[in-house]
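Heads up: the sequence shown begins at 800 in my numbering, then just goes up one per residue. All C-beta atoms in this analysis are idealised placements derived from N, C-alpha and C, irrespective of residue type, glycine included. Structure record follows, encoded as structure tokens.
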Amino acid sequence: MLDHTGIGVADVARSAAFYDAALGALGLRRSIQLPEDTGADGIGYGRDYPIFWIDRFHPHGVKQHTAFAATSRAQVDAFHAAAVAAGGTDNGAPGLRGVETGYPAGYYAAFVLDPDGNNIEAVFREGSR
800 MLDHTGIGVA DVARSAAFYD AALGALGLRR SIQLPEDTGA DGIGYGRDYP IFWIDRFHPH
860 GVKQHTAFAA TSRAQVDAFH AAAVAAGGTD NGAPGLRGVE TGYPAGYYAA FVLDPDGNNI
920 EAVFREGSR
């Protein structure tokens, strides 16, 4: 079981603007910043504690994929809209993914590339919540 994860980004402030919007649509917020007053080195997102970090310490040239759990189709839709409006690039509009392409039944997801080209996903697994 994972406790937290994160990715390196080229520009923490630029990426924070994207993640504030995209993860805010999923009910996540900045839970910690380093340094505390600016967040220039790293920002942790979560509810009670950080579960996802963006920082300047880890390599940012390797493209990552991170999927966040949504609580409804509407939340997936809101994530996609907020992420694209915040400068992300559509990488798969909200919708059911087909079992014929390897997704389980009821897999409703959206994909967006962040400012560094990382593939960020929101997914609602219908019938499993």
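Leaving aside the five residues before and after residue i along the sequence, list all residues of the same chain whose C-beta is less than 8 Å from its C-beta, in chain order.
i: LEU827; result: TYR844, GLY845, ARG846, ILE850, PHE851 and PHE867
i: ARG829; result: ALA815, ASP819, GLY838, ILE842, GLY843 and TYR844
i: THR865; result: THR804, ILE806, PHE851, ASN917, ASN918, ILE919 and GLU920
i: VAL875; result: ALA869, PRO893, TYR907, ALA908, ALA909, ALA921, VAL922 and PHE923
i: PHE856; result: GLY807, ASP840 and GLY841
Would the beta-carbon of residue i be found less than 7 Å away from any heavy atom of the ligand PLP?
i: ALA809; result: Looking at this structure, you won't find the ligand PLP or any other ligand, since it has none at all.
Taking the beta strand (DSSP E) that residue i falls in, what are its first and last residues?
i: ARG813; result: Note, ARG813: premise wrong, no beta strand (DSSP E); alpha helix (DSSP H) at 811-823.
i: HIS864; result: 864-868
i: PHE931; result: Nothing in the structure corresponds to residue 931, since the chain is present only between 800 and 928.
i: THR804; result: 804-807
In whole angstroms, give me the CA-to-CA distance for residue i and residue j.
i: TYR902; j: ILE853; result: 28 Å
i: PRO858; j: ALA821; result: 22 Å
i: GLY807; j: GLU925; result: 31 Å
i: GLU835; j: LEU912; result: 27 Å
i: VAL922; j: VAL898; result: 15 Å
i: PHE817; j: THR888; result: 11 Å
i: ALA873; j: LEU833; result: 32 Å
i: TYR848; j: ASP802; result: 10 Å
i: ALA904; j: VAL861; result: 30 Å
In this structure, what does DSSP give as the bridge partners for residue i?
i: GLN832; result: ILE842
i: LEU912; result: THR888 and ASN918
i: TYR902; result: Per DSSP, none; premise fails for TYR902.
i: GLY894; result: ALA908
Terminal residues of the continuous alpha helix (DSSP H) containing residue i?
i: VAL922; result: Element bounds for VAL922: not the alpha helix (DSSP H) but the beta strand (DSSP E), 918-924.
Could you check how far apart the C-beta atoms of residue i and residue j are, in whole angstroms? I think they sit under 8 Å.
i: PRO914; j: GLY891; result: In fact, because the Cβ distance is near 17 Å, the residues do not count as touching under 8 Å.
Ignore the nearest five residues each way along the sequence and tell me which others in residue i's own chain have a CB closer than 7 Å to its CB.
i: ARG896; result: TYR902, TYR906 and ALA908
i: ALA809; result: HIS859 and ASP915
Whose C-beta lies closer than 6 Å to the C-beta of residue i among residues of the same chain, with five residues either side of it excluded?
i: ALA824; result: ALA877, PHE878 and ALA881
i: ARG813; result: PRO914
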